[in-house]
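**Q** Chains as they are written, first to last, in the numbering used here: chain A, 160 to 470; chain B, 211 to 491; chain C, 4 to 230. Please find one structure pasted underneath; my questions will follow.
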């Protein structure tokens, strides 16, 4: 991980901030930071699909919420933590296979629609299958299976450690030749096929990886927040994750985390203003129209330098 | 048996509403290459504007006309405003942009009208034997009428033929003098107008509420994708099937489960079609 | 009179045509020949706005074409018959012919004139244009453009892939158009046809129009066309 950060001062600073600062902040902010890491992981998992492989998943909440539900369902019924985690893993495999298969077969616009559809379908199932999912009331994870017992410092540290490790692994992945193949698939899949790459296999693999990361984020969510509701699998969250990734910057891994943090924090801050979601929506529209690669790619420092040089 | 015929008729009503919405979606994709994720919000606007107009004008059918026109203008303007900026951008960028539109429109509507359900009394009371509510039958007839008018317009009218020319081969059309801009304006207005009309028609049946757009969007998109993006007959057929399937399934299971089943069936068809049909020839 | 002066054109960031100069007077058939890929099609496309023009003048008479979009240029009387994808395949033959009339607000009766010249098209009136044979498609393409009553015709390889009798028919058609006073710029690979029809021939090599000759002798043909 150190090798990754060397030569990238902004990232190094960011990683340090992420790891250390929240520990000195009051409990409320520690809690917020813990949640932000979870959402950041989710954003990273989507960036792997959208930003690096060119798979516009508009139903990503499914990879997050379904493992979370699987974990919680088993947790409420058995006494084995291991079993609950196993359930989550099985969920990840089943979901990524299912969605991965359906979606990749429909390509391009179809992928967008099918993933959105899946999210919607799971949303309905979560609401309707009351005996399993608690329906509209949702599920509550019992205390012994959560991080609730831990002091907030330890809780944050655990989540942060997991989060940053996964981020480092993801960064290594996209920086490697595997990452180059993904980028190649995004740029021109036919050409990659002509060069002999089995693009279907790569797309499937990265879907599983992305789903796994999202699933981990989901289980963390279950452990930390402990209340699950159908919103966690639905199209509203799915499309919001897309907004985070776009806002922050596709294909950067860090960008989506920033985007998620920004969007969520703005939501909290602007909460008091009556029409705040409209501002957020307009901000998003503006970014898509004028800064389609995301805010982080606007390279503000460089632009300021250029502007100074010109005048 | 009564129940079945009523549901069959209901299926036509649902199907024709989906069709009206889906047509606008497929037109705008086929001709302007826009994936419009805010199309459901055009439908929603139609319902809300109809309610607002009704509060002032007291005449339901007039309100429907007003709502259709206003939605056509607002929705069309939104799409056209960014059409230049996003020219040549792929479907993903449009999907994201219209995602934002939808979000903002939903919030705006909640701001202006509040979160509650806006209701309007059925303009036509009574039932038709074996078929169901008289108003629903009227809506279906009107929807079919609109669809037929659209078909005739596209087939015969001066602008319709030009629209189809651009859809078929933009370069060949432009080279003989067809104004792409005029065609885009027509298509955007028609697309938004159809969705608005559908929403207005549905106002007395479902009432107006902020998330009504999302619900119809999913179905409309499924239908468009299965029917073939840009393929009008495909969208119509798929809408009919979707409507009937949903209506008949409701006799057996909960409405939400019926929706999931319909969605799953369509998704399977989608996958099979892409793979299986290719293998067949 | 069609005139190009110092035209630099291409697609996006890629330049294909450098400093193109040419002119075509009414009643003239002027050929534009060269190997594959030298930029002949792009030159034609840049005149009607289907390629990006960075610098240069493109005028018909006094009027600059650079300020107008493709549809407007068609309305001004510049007809471009493309090499491929020249018609709208999903529309019928009749509808294809209606399009220019609808677009430029001319009376539909004009279609009769086209049918009189091309009885074959009248036979296939209701047939989907995409199912026409190559030769029929070319006739339809010409028919559509002729309905604009252009003063300038830009014709891109009209006889490619056609059998000899069809080639002759197209050749005769082009001569008729010339006789009616149009200025015709013809891109062609069929050298016999070019020799037969053209009053003058521009020779193009890697993006530049290098020469204008009255006769295409063997030496020049060898140099510019590799034959």
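We treat Cβ as the ideally placed atom computed from N, Cα and C, and that holds for glycine.
(1) In chain C, which residues lie with their C-beta within 7 Å of the C-beta of residue 384 of chain B?
(2) How many angstroms separate the CA atom of residue 309 of chain A from the CA atom of residue 242 of chain A?
(3) Name the two residues that bound the continuous alpha helix (DSSP H) containing residue 177 of chain C.
(4) Identify, in the order they occur along the chain, each residue of the same chain with its Cβ nearer than 7 Å to the Cβ of residue 406 of chain A, setting aside the five sequence neighbours on each side.
(5) Note down, in chain order, every chain B residue with its Cβ under 8 Å from the Cβ of residue 46 of chain C.
(6) With DSSP collapsed to three states, give me the class of residue 231 of chain A.
(7) Per the contact definition of three or more C-beta pairs closer than 8 Å, is the region 444-458 of chain B in contact with the region 224-234 of chain B?
(8) Quick one: is residue 253 of chain B buried, meaning 16 or more other Cβ sit within 10 Å of its Cβ, or exposed?
(9) Can you give the beta carbon distance from residue 59 of chain C to residue 15 of chain C, rounded, assuming they're within the 8 Å contact cut?
(10) Return no unless some Cβ of chain B is closer than 8 Å to the Cβ of residue 55 of chain C.
(11) Evaluate contact between the region 198-207 of chain A and the region 389-407 of chain A, counting only Cβ atoms and requiring at least three cross-stretch pairs below 8 Å.
(12) So with Cβ pairs under 8 Å, would you call residue 103 of chain C a contact of chain B?
(13) Please tell me whether residue 92 of chain C has its Cβ less than 8 Å away from any Cβ of chain B.
(14) Between residue 517 of chain B and chain A, is the shortest Cβ-Cβ distance under 8 Å, so that the two count as touching?
(15) Can you pull the DSSP bridge partners for residue 156 of chain C?
(16) In the DSSP assignment, find the unbroken alpha helix (DSSP H) run with residue 214 of chain C in it and report its ends.
(17) Are there 16 or more other CB atoms within 10 angstroms of the CB of residue 396 of chain B, so buried, or fewer, so exposed?
(18) Would you say residue 425 of chain B reaches chain C, if we count a Cβ-Cβ gap shorter than 8 Å as a contact?
(19) Going by CA-CA distance only, name the one from A/208, A/381, A/183 that's closest to residue 343 of chain A.
(20) Kindly identify the DSSP beta-bridge partner or partners of residue 338 of chain B.
(21) Is it right to say residue 184 of chain C is buried, meaning 16 or more other beta carbons lie within 10 angstroms of its own, or is it exposed?
(22) Taking 8 Å as the cut-off, does the region 354-372 of chain B touch the region 380-398 of chain B (at least 3 CB pairs, one atom from each stretch)?
(23) What residues from chain C crowd round residue 387 of chain B, counting only those whose CB sits closer than 7 Å?
(24) May I ask you to report which of helix, strand or coil DSSP gives residue 18 of chain C?
(25) Quick check on residue 422 of chain A - is its C-beta less than 8 Å from some C-beta in chain B?
(26) Can the beta-carbon of residue 248 of chain B be found closer than 8 Å to that of residue 311 of chain B?
(27) Taking 8 Å as the CB-CB cut-off, is residue 473 of chain B touching chain A?
(28) Hey, would you say residue 394 of chain A sits closer than 8 Å to residue 275 of chain A, going by beta carbons?
(29) With 16 other CB atoms within 10 Å as the buried threshold, where does residue 428 of chain A fall?
(30) Could you tell me whether the region 248-262 of chain A touches the region 219-228 of chain A, using the rule of 3 or more Cβ pairs below 8 Å?
(31) Using only the alpha-carbon positions, how far apart do residue 4 of chain C and residue 174 of chain C sit?
(32) With a threshold of 8 Å between beta-carbons, can residue 317 of chain B be considered close to chain C, or not?
(33) Could you tell me whether the region 128-137 of chain C touches the region 94-110 of chain C, using the rule of 3 or more Cβ pairs below 8 Å?
(34) Indicate whether at least one CB of chain C lies closer than 8 Å to the CB of residue 441 of chain B.
(35) Spell out the partners DSSP gives residue 418 of chain B in its beta bridges.
(36) For residue 59 of chain C, name the three-state secondary structure that DSSP assigns.
**A** Once the coordinates are examined:
(1) 73, 74
(2) 21 Å
(3) 167-182
(4) Answer for residue 406 of chain A: 418, 421, 422, 443, 446, 453, 454, listed in chain order.
(5) Chain B residues near residue 46 of chain C: none, gap ~16 Å exceeds 8 Å.
(6) helix
(7) yes
(8) With 16 or more Cβ atoms within 10 Å of its Cβ, residue 253 of chain B is classed as buried.
(9) Taking the Cβ atoms as the reference, residue 59 of chain C lies roughly 17 Å from residue 15 of chain C, outside the contact range of under 8 Å.
(10) Cβ-Cβ to chain B under 8 Å: no for residue 55 of chain C.
(11) yes
(12) yes
(13) yes
(14) Since the first residue of chain B shown is 211 and the last is 491, residue 517 of chain B is not available in this structure.
(15) C/82, C/187
(16) Careful: residue 214 of chain C lies outside any alpha helix (DSSP H), inside the beta strand (DSSP E) at 211-216.
(17) buried
(18) No, residue 425 of chain B does not count as interfacial toward chain C.
(19) A/208
(20) Answer is B/342.
(21) exposed
(22) yes
(23) Simply 74, 77, 78, 103, 106, 107, 151.
(24) strand
(25) no
(26) yes
(27) yes
(28) yes
(29) exposed
(30) Segments in contact, yes.
(31) 22 Å
(32) no
(33) yes
(34) no
(35) B/328.
(36) strand
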